[in-house]
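A short write-up of the structure that comes next.
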Amino acid sequence: MLYACVGVPIFAVYYAYRTQRIPPLVLCLGLLLLCAAMARPQTVLMTPLREATVMLVIDTSGSMRAKDLKPSRIEAAQQAAQQFIQDKPSRLRVGLVTVAGTAALAQAPTEERDVLLKALEYLPLQYGSALGTGLLVSLEALLPGADIDAQKIINEASEMGGKKASDTGKSLDDKAKPATEASTGRGKNMAIVLMSDGQSNMGPELLKMAELAAKHEVKVYTVGIGTTEGDVVHIQGRSMRVKLEDEALQKVSALTQGEYFKADSSEGLKNIYDKLGYKLRFEKRAMTEISAQVALLGMLLILISLVRNFARMGKII
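Quick note, in our numbering, the sequence shown goes up one by one and the last residue is 1678.
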């Protein structure tokens, strides 16, 4: 019926154009649409999800003080994140996780822009980079009912020296009780945005934590901050050149069906966040009746036909 509502008007307009009999055909077209409306046509509409949530994970390791992005990597990341928060849909919940030698939940997911912006104001740089821990803490905050014990996984990775962190890619309680989030698909309404120069040297293995995210259907969008040439930074009396190492970030986005973005300039980073804003507009399909719209269009065409006929011939029909 919906195809008829679309196809008939197109054919009628074409025929009217060829025969120059516009008023009668428009009148018939309007009557046809009124008849179509009685069949209660439906169509699929995309509507925003109220429970959509995004976690911003920002690398605050010492290498983020590099100035190959102006004024520095960390300041460029802060500015882009602030713009993302200001432009976000009002119902989108956003949380913030900072990552250095460990990871911390700086702000639980919230819709309040002011609270998020305040959490972004102060991001002190620290030693080490545990990106896997950042993903793990984000997943624990996003999926509180998924039996993800972040601290236990972190402790196990520490005890194993990172050599067998692959064993922690599953919930530690899987043997006692299977995780339900992976089967419910709740993670489809959630995403993680990981901003880093790609250097991870501590905590659970990054790719194994990406597999855990994929298991729960949480997409991870990664943003590589910095340039391949890098910059020289001074850390604890030592000078070292830090470059963008994005191979792991690309693998993370591929594993979780997200997307990787390379930010090699401050302006480029802002553009990336604009693109992310569109990609993170979580929507769902819903069948919606359009009888009222079809009927309104039919009545409008009938009115146009009658007015045109009256103007030309002095009578309605």
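Ideal placement from N, C-alpha and C gives every residue a C-beta, glycine not left out.
*Taking the runs of the alpha helix (DSSP H) that are 4 residues or longer, which of them lie wholly in the stretch 1452-1531?*
1474-1481, 1492-1503 and 1511-1520
*Three-state secondary structure (DSSP) at Arg1434?*
In the sequence shown, residue 1434 corresponds to position 73, counting from 1. Helix at Arg1434.
*Which word fits Leu1664, buried or exposed, when buried means at least 16 other C-beta atoms lie within 10 angstroms of its C-beta?*
One-based indexing of the sequence shown puts residue 1664 at position 303. Its Cβ having fewer than 16 others within 10 Å, Leu1664 is exposed.
*By DSSP, does Ala1624 sit in helix, in strand, or in coil?*
Working through the sequence shown from its first residue, we reach residue 1624 at position 263. Note: Ala1624 maps to strand in three-state DSSP.
*Where do the ends of the alpha helix (DSSP H) carrying Ala1552 lie?*
Along the sequence shown, one-based indexing puts residue 1552 at 191. Segment Met1551 to Ser1557 is the beta strand (DSSP E) holding Ala1552; no alpha helix (DSSP H) there.
*How many angstroms separate the CA atom of Val1455 from the CA atom of Lys1612?*
Along the sequence shown, one-based indexing puts residue 1455 at 94. Along the sequence shown, one-based indexing puts residue 1612 at 251. Cα to Cα, Val1455 sits roughly 24 Å from Lys1612.
*Assuming Tyr1621 and Gly1585 make a contact with CB atoms under 8 Å, what is their CB distance in whole Å?*
Working through the sequence shown from its first residue, we reach residue 1621 at position 260. Working through the sequence shown from its first residue, we reach residue 1585 at position 224. Rounded, the Cβ-Cβ distance is 7 Å, consistent with contact.
*Reduced DSSP category for Val1613 - H, G, I as helix; E, B as strand; rest coil*: Working through the sequence shown from its first residue, we reach residue 1613 at position 252. Note: Val1613 maps to helix in three-state DSSP.
*Measure the alpha-carbon distance for Leu1390 versus Arg1669 and round it to whole angstroms.*
Position 29 of the sequence shown, counted from the first residue, corresponds to residue 1390. Position 308 of the sequence shown, counted from the first residue, corresponds to residue 1669. Cα to Cα, Leu1390 sits roughly 15 Å from Arg1669.
_Nearest-angstrom Cα separation, counted from Thr1404 out to Lys1488_ = Residue mapping note: residue 1488 aligns to position 127 of the sequence shown, counting from 1. Residue mapping note: residue 1404 aligns to position 43 of the sequence shown, counting from 1. According to the sequence shown, residue 1488 is Tyr rather than Lys. Taking the straight line from one Cα to the other gives about 54 Å.
*Along the chain, where does the alpha helix (DSSP H) that runs through Leu1567 open and close?*
Walking along the sequence shown from the start, residue 1567 turns up at place 206. From DSSP, the alpha helix (DSSP H) with Leu1567 extends over Leu1567 to Lys1576.
*Please list, in chain order, all residues of the same chain as Gly1493 whose beta carbon is under 6 Å from its beta carbon, the five residues on each side excluded.*
What you label residue 1493 is simply residue 132 of the sequence shown in a count that begins at 1. For Gly1493, where only same-chain residues beyond five positions count, the Cβ hits under 6 Å are Gly1564, Pro1565, Glu1566, Leu1567 and Met1570.
*In whole angstroms, what is the alpha-carbon distance linking Gly1659 and Leu1393?*
In the sequence shown, counting from the first residue as 1, residue 1659 sits at position 298. In the sequence shown, counting from the first residue as 1, residue 1393 sits at position 32. For Gly1659 and Leu1393, the distance between alpha carbons rounds to 7 Å.
*What is the DSSP secondary structure of Glu1650, counted as helix, strand or coil?*
On the sequence shown, residue 1650 is found 289 positions in, with the first residue counted as 1. Correct three-state label for Glu1650: strand.
*What number of angstroms, rounded off, separates the C-alpha of Ala1502 from the C-alpha of Glu1628?*
Taking the first residue of the sequence shown as 1, we reach residue 1502 at position 141. Taking the first residue of the sequence shown as 1, we reach residue 1628 at position 267. Cα-Cα distance, rounded: 31 Å.
*With a CB to CB cut of under 6 Å and the five nearest residues on each side skipped, what residues in its chain are close to Asp1558?*
Numbered from its first residue, the sequence shown carries residue 1558 at position 197. Excluding sequence neighbours, Asp1558 sits near Ser1424, Ile1586, Gly1587 and Leu1605.
*Which residue or residues does DSSP assign as beta-bridge partners of Gly1585?*
The residue you call residue 1585 lines up with position 224 of the sequence shown. The partner list for Gly1585 (beta bridge, DSSP) reads Ser1557 and Lys1623.
_Residues that Leu1417 bridges to, as DSSP identifies them_ = For the purposes of this step, residue 1417 is taken as the residue at position 56 of the sequence shown. Leu1417 is bridged to Leu1457 and Val1554.
*Pairing CB atoms from the stretch 1473-1491 with CB atoms from the stretch 1442-1454, are three or more of them under 8 Å?*
yes
_Supposed close pair Ala1398, Val1655 - CB separation, criterion 8 Å_ = For the purposes of this step, residue 1398 is taken as residue 37 along the sequence shown, with counting starting at 1. For the purposes of this step, residue 1655 is taken as residue 294 along the sequence shown, with counting starting at 1. At roughly 4 Å, the Cβ-Cβ gap stays under 8 Å, so Ala1398 and Val1655 are in contact.
*Could you check which residue in Asp1625, Ala1413, Arg1426 and Val1415 has the C-alpha nearest to that of Gln1597?*
Residue mapping note: residue 1597 aligns to position 236 of the sequence shown, counting from 1. Answer by Cα proximity: Arg1426.
_Thr1421 and Thr1459 - do their beta-carbons sit closer together than 9 Å?_
The sequence position of residue 1459 within the sequence shown is 98, counting from 1. The sequence position of residue 1421 within the sequence shown is 60, counting from 1. Going by C-beta atoms, Thr1459 is nearer than 9 Å to Thr1421.
*How many angstroms separate the CA atom of Arg1673 from the CA atom of Leu1388?*
In the sequence shown, residue 1673 corresponds to position 312, counting from 1. In the sequence shown, residue 1388 corresponds to position 27, counting from 1. Rounded to whole angstroms, Arg1673 to Leu1388 spans 15 Å at the Cα level.
*Cβ atoms of Gly1495 and Leu1555: under 9 Å apart, would you say?*
Numbered from its first residue, the sequence shown carries residue 1555 at position 194. Numbered from its first residue, the sequence shown carries residue 1495 at position 134. Yes, the pair counts as a contact, with Cβ atoms nearer than the cut-off.
*How would you write the range of the beta strand (DSSP E) that Arg1602 sits in, first residue to last?*
Sequence index remark: in the sequence shown, residue 1602 carries index 241 (1-based). Element bounds for Arg1602: Arg1599 to Val1603.
*Within this structure, are the beta carbons of Leu1497 and Ala1507 separated by less than 9 Å?*
As a first step, residue 1497 must be located in the sequence shown, where it is residue number 136. As a first step, residue 1507 must be located in the sequence shown, where it is residue number 146. Result no, Cβ atoms of Leu1497 and Ala1507 do not sit closer than 9 Å.
*Confirm, please, whether the CB-CB distance from Ser1561 to Ala1609 is below 9 Å.*
Translated into positions along the sequence shown, residue 1609 becomes position 248. Translated into positions along the sequence shown, residue 1561 becomes position 200. Cβ distance < 9 Å, so Ala1609 and Ser1561 count as in contact.
_With the cut-off set at 9 Å, would you say Ile1509 and Val1418 are in Cβ contact?_
As a first step, residue 1509 is located in the sequence shown; it is residue number 148 there, counting from the start. As a first step, residue 1418 is located in the sequence shown; it is residue number 57 there, counting from the start. No; because the gap between Cβ atoms is not below 9 Å, this pair is not in contact.
_In the DSSP assignment, the beta strand (DSSP E) including Val1593 goes from what residue to what residue?_
What you label residue 1593 is simply residue 232 of the sequence shown in a count that begins at 1. Start and end: Asp1592 to Ile1596.
*Please work out which residues of its chain come closer than 7 Å, Cβ to Cβ, to Thr1380, disregarding the five sequence neighbours upstream and downstream, and give them in chain order.*
Here residue 1380 refers to the residue found at position 19 when the sequence shown is read from its first residue. Its pLDDT being 48, under 50, Thr1380 is placed unreliably by the model, and the measurement read from it follows with that caveat. Closer than 7 Å at the Cβ level, and outside the excluded window around Thr1380, lies no residue.
*Where DSSP assigns a beta bridge to Lys1636, which residues make up the other side?*
Working through the sequence shown from its first residue, we reach residue 1636 at position 275. Per DSSP, none; premise fails for Lys1636.
*By DSSP, does Lys1631 sit in helix, in strand, or in coil?*
Start at 1 with the first residue of the sequence shown, and residue 1631 comes out as number 270. The answer is helix: DSSP assigns Lys1631 an H, G or I state.
*Pick out whichever of Ser1499, His1595 and Leu1453 has its Cα sitting closest to the Cα of Ala1467.*
What you label residue 1467 is simply residue 106 of the sequence shown in a count that begins at 1. Checked all of Ser1499, His1595 and Leu1453; the closest Cα to Ala1467 is Ser1499.
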